[in-house]
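Step one of this worksheet: look at the structure below.
2 protein chains.
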Amino acid sequence: MGTGREATLADVAEYAGVSASTASRALNGRGELSEQTRAAVREAAAALQFEPSQLARSLRTRTTSTVGFVVPDVSSPFYAAALKGAQRTLEQSGFRVLLMDSGQAADGEVAALRTLLAHRVDGLLVSTVGLDRDRFVTLVAGRATPCVFFDSAVADTGAGTVLLDNEAGIDLLVEHMLEHGHRRVALLAGSLRETSGRDRLDAFVAALQRHGISTRQEYIAGDRWTQQNGDLATRRILGSNPPPTALISSSVELALGALLACRDLGVRIPDDLALATFDDAYFAELLDPPLTTVAYDPADVGRLAAQLLVGTIRDPESGPHKLTVGVELVLRRSCGCSP
Amino acid sequence: MGTGREATLADVAEYAGVSASTASRALNGRGELSEQTRAAVREAAAALQFEPSQLARSLRTRTTSTVGFVVPDVSSPFYAAALKGAQRTLEQSGFRVLLMDSGQAADGEVAALRTLLAHRVDGLLVSTVGLDRDRFVTLVAGRATPCVFFDSAVADTGAGTVLLDNEAGIDLLVEHMLEHGHRRVALLAGSLRETSGRDRLDAFVAALQRHGISTRQEYIAGDRWTQQNGDLATRRILGSNPPPTALISSSVELALGALLACRDLGVRIPDDLALATFDDAYFAELLDPPLTTVAYDPADVGRLAAQLLVGTIRDPESGPHKLTVGVELVLRRSCGCSP
DNA sequence: TTGTAAGCGTTATCAC
DNA sequence: GTGATAACGCTTACAA
Chain A
11 MGTGREATLA DVAEYAGVSA STASRALNGR GELSEQTRAA VREAAAALQF
61 EPSQLARSLR TRTTSTVGFV VPDVSSPFYA AALKGAQRTL EQSGFRVLLM
111 DSGQAADGEV AALRTLLAHR VDGLLVSTVG LDRDRFVTLV AGRATPCVFF
161 DSAVADTGAG TVLLDNEAGI DLLVEHMLEH GHRRVALLAG SLRETSGRDR
211 LDAFVAALQR HGISTRQEYI AGDRWTQQNG DLATRRILGS NPPPTALISS
261 SVELALGALL ACRDLGVRIP DDLALATFDD AYFAELLDPP LTTVAYDPAD
311 VGRLAAQLLV GTIRDPESGP HKLTVGVELV LRRSCGCSP
Chain B
11 MGTGREATLA DVAEYAGVSA STASRALNGR GELSEQTRAA VREAAAALQF
61 EPSQLARSLR TRTTSTVGFV VPDVSSPFYA AALKGAQRTL EQSGFRVLLM
111 DSGQAADGEV AALRTLLAHR VDGLLVSTVG LDRDRFVTLV AGRATPCVFF
161 DSAVADTGAG TVLLDNEAGI DLLVEHMLEH GHRRVALLAG SLRETSGRDR
211 LDAFVAALQR HGISTRQEYI AGDRWTQQNG DLATRRILGS NPPPTALISS
261 SVELALGALL ACRDLGVRIP DDLALATFDD AYFAELLDPP LTTVAYDPAD
311 VGRLAAQLLV GTIRDPESGP HKLTVGVELV LRRSCGCSP
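Protein sequence lines correspond, in order, to chains A and B. Taking the numbering used here, I'd label the letters of the first sequence as residues 11 to 349. Taking the numbering used here, I'd label the letters of the second sequence as residues 11 to 349.
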């Protein structure tokens, strides 16, 4: 059961008593050949457990059927779900996924992109941590490899972009808090280097403005998408005088941090502080208290981005598309609504 | 900024006025060459934005520096975390990750393995959905590509295995329930085709046995790792007469389903039913009620598996290793403990 | 120190 | 229908 080399096309050809080119044609169903030789080749391939080398094939055909997927953190539920969505449609279109984690850092992202390009992937799916435009352009936009951004994009570049409707989401959250009668509303912000984080912050300020409420600096805190950052930022915000009566979170991790901070501080939700967050999670309903959220389908984001990318790979001329994934408000107890 | 072909090593060589082999040596730092030509080549590479084709390199060197990663479901937090752990150590060792999702099906897993083998990955990291031994052996064990299993393995094969200490985990859970005075203890089981699921079930039966309690068939239900299955199975179990007073769950998804079912049925936790589960989750403490769990580091599982794999790739002779990742009990309210 | 040539395993373009 | 033959872009003896 030990093994020598893997069988090559030449081995198969020899076994079947034909030339390599004939064997290739037989296996790929191209060209006309007799049923007889075709069968012989198939048989030989089976007998030798032949598995054609994608490496050699790719080198020759100049196409890898592989797509690079770059995210700040694979273990985040959002990215994992987006990956899953992308996976499925890519697989159906005959593409494989080469995954890279940028580790939430620009340098990591650049390294990932380099590696992927060196592998000659046919396309790129990236959620950027906030690369500056120049760096991105010289790195990939100068090449033939199409890149579709999702969730967080580099402005004015790429073959397509799929973003969540951040503005609509924050609007829903803010207006709902105002309907509950709150006027002192605070925000837990995520990373402002990513468009998703910045857009949510901007939408928050704009929404309040629209209702004649000017933003107080002390009511905005946070700069990373982590639970710990949510905890810290919440404590900071609650320290302001007067403290806010409502808190909107830019992500579920931040909201979890807020929950922890409030529990520790003895701040009751929603009685002392109303809370609602961007991102629904499958466990949101089971939290204490159940979280009011802005929901969307993260797998959809990946799926759409993958579709855009496949479209561009197949037809490079198709102009850059921008897609927005819709969101909806899910009312639960944390904002003050009754079940 | 459209683009022609990517620059090739030959282009770089020409630009620098040297031969391709010299260019290759200069870039890879092999052999002795004058600082002068080395600099010239580097300069040329930079000027042309040369990115060496891993494809060609791999074809020539017969090594891809790529590892295949196969899991039943990427979007599951456990696998996502394991992936993250593996990623990190693989990256440090110079390997890239080609990710495939088997979609919880044996056929999907076989397809994934085939694809990965065709890509000539240097190694495989797989959490099997329960492939039968023969199928696995003819597919990959007959080849030179080493395979390390994690979380769920195919028995007696592979270059290594990293499993959670399922038995210890279930023991902790069962004994804790017994300490609380429960005698009618039920189990939410996961997929029995995976070793993780089967091991937990077996450990459950054995643990009760050890304490002189024989297992009742009606107290065991479940066959998939989903929240929905947890919900259904819980309802079935609670329908038995007399119903159990304690419920142990094989995974956090199942436990979430149980929480939902109990809420719907008006069964209070822990008063009417004590609950505890395998798998800690970052939100376990924030649930209502906070969940008592068996915790471990999922990233560790991936990390160790990756280390084993890299070791085997570097030294194919190193015998098959079996590693077990430790677990610990985290007491919270759902089992009846007070905070 | 550098160049020449062969070869990795395919597929594509020709002939026959 | 089928078989040579030449790439694809790189590395590595072996020469020079």
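Backbone N, C-alpha and C define an ideal beta-carbon position, used for all residues, glycine too.
Inset, instruction - Might you give, ordered along the chain, the residues of its own chain that have their beta carbon closer than 7 Å to the beta carbon of residue 24 of chain A, omitting 5 neighbours on each side? - result: none
Legend entry - 8 Å Cβ cutoff, residue 59 of chain B in contact with chain A: yes
Legend entry - Enclosing beta strand (DSSP E) for residue 111 of chain B [first to last residue]: 106–111
Inset, instruction - Say whether chain A places a C-beta atom closer than 8 Å to the C-beta of residue 293 of chain B. - result: yes
Inset, instruction - Report the three-state DSSP secondary structure of residue 259 of chain A (helix, strand or coil). - result: strand
Inset, instruction - Residues of the region 143–156 of chain A with a CB closer than 7 Å to any CB of chain B: list them in chain order, please. - result: 151, 152, 153, 154
Legend entry - Inter-stretch contact (C-beta, 8 Å, three-pair minimum) for the region 154–168 of chain A and the region 83–100 of chain B: no
Inset, instruction - Determine the closest residue to residue 226 of chain A out of A:215, A:71, A:169, with distance taken between C-alpha atoms. - result: A:215
Inset, instruction - Give a yes or no on contact between the region 180–200 of chain A and the region 106–122 of chain A, applying the rule of three or more CB pairs nearer than 8 Å. - result: no
Inset, instruction - Spell out whether any CB of chain A is found under 8 Å from the CB atom of residue 109 of chain B. - result: yes
Legend entry - For residue 11 of chain B, the three-state DSSP class (helix, strand or coil): For residue 11 of chain B, the predicted structure reports a pLDDT of 34, less than 50, and the residue's modelled location is therefore unreliable. The matter cannot be settled from this model.
Legend entry - As assigned by DSSP and simplified to three states, the class of residue 57 of chain B: helix
Legend entry - Beta-carbon proximity check, residue 75 of chain A vs residue 104 of chain A, cutoff 8 Å: yes
Inset, instruction - May I have the straight-line CA-CA distance separating residue 323 of chain B from residue 41 of chain A, to the nearest angstrom? - result: 40 Å
Inset, instruction - Just list the beta strand (DSSP E) runs in the region 285–326 of chain A, keeping only unbroken ones of 3 residues or longer that don't cross its boundaries, in chain order. - result: 302–305
Inset, instruction - Verify the CB distance criterion: does residue 42 of chain B have a CB-CB separation below 8 Å to chain A? - result: no
Inset, instruction - Closer than 9 Å by beta-carbon distance: list the chain B residues that pair up with residue 82 of chain A, in chain order. - result: In chain order: nothing, as chain B lies at least about 11 Å away.
Inset, instruction - Express the C-alpha separation of residue 26 of chain A and residue 43 of chain A in angstroms, rounding to a whole number. - result: 14 Å
Inset, instruction - Find the nearest neighbour of residue 302 of chain B within the set B:131, B:347, B:102, judged by alpha-carbon distance. - result: B:347
Inset, instruction - Using alpha carbons as the reference points, say which of A:258, A:98, A:53, A:58 lies closest to residue 315 of chain A. - result: A:98
Inset, instruction - On the DSSP bridge assignment, give the partners of residue 338 of chain A in chain order. - result: A:305
Legend entry - Pairwise C-alpha distance: residue 321 of chain A and residue 345 of chain B: 52 Å
Legend entry - Start-to-end residues for the beta strand (DSSP E) that takes in residue 78 of chain A: 76–81
Inset, instruction - Go ahead and label residue 239 of chain A buried or exposed: buried means 16 or more other beta carbons lie within 10 angstroms of its beta carbon, across all protein chains shown. - result: buried
Inset, instruction - Please confirm if residue 123 of chain A has its CB atom under 8 Å from at least one CB of chain B. - result: no
Inset, instruction - Determine, using beta-carbon pairs with one atom in the region 284–292 of chain B and one in the region 279–289 of chain A, whether at least three such pairs fall under 8 Å. - result: no
Inset, instruction - Compare the C-beta of residue 119 of chain B with all C-beta atoms of chain A and state if any pair is closer than 8 Å. - result: no
Legend entry - Euclidean distance between Cα positions of residue 114 of chain B and residue 142 of chain B: 14 Å
Legend entry - Assigned secondary structure, residue 186 of chain B (DSSP; H/G/I helix, E/B strand, else coil): helix
Inset, instruction - For residue 15 of chain B, count neighbouring Cβ atoms within 10 angstroms of its own Cβ and tell me buried if that reaches 16, exposed if not. - result: exposed
Legend entry - Reduced DSSP category for residue 231 of chain A - H, G, I as helix; E, B as strand; rest coil: strand
Legend entry - DSSP three-state assignment for residue 115 of chain A, whether helix, strand or coil: coil
Legend entry - Residue burial classification, residue 166 of chain B (beta-carbon count within 10 angstroms, cutoff 16): exposed
Legend entry - With 16 other Cβ atoms within 10 Å as the buried cut-off, status of residue 28 of chain A: buried
Legend entry - Under the three-state DSSP convention, the category residue 347 of chain B falls into: coil
Inset, instruction - Kindly indicate if chain B contains any beta-carbon less than 8 Å away from that of residue 221 of chain A. - result: no
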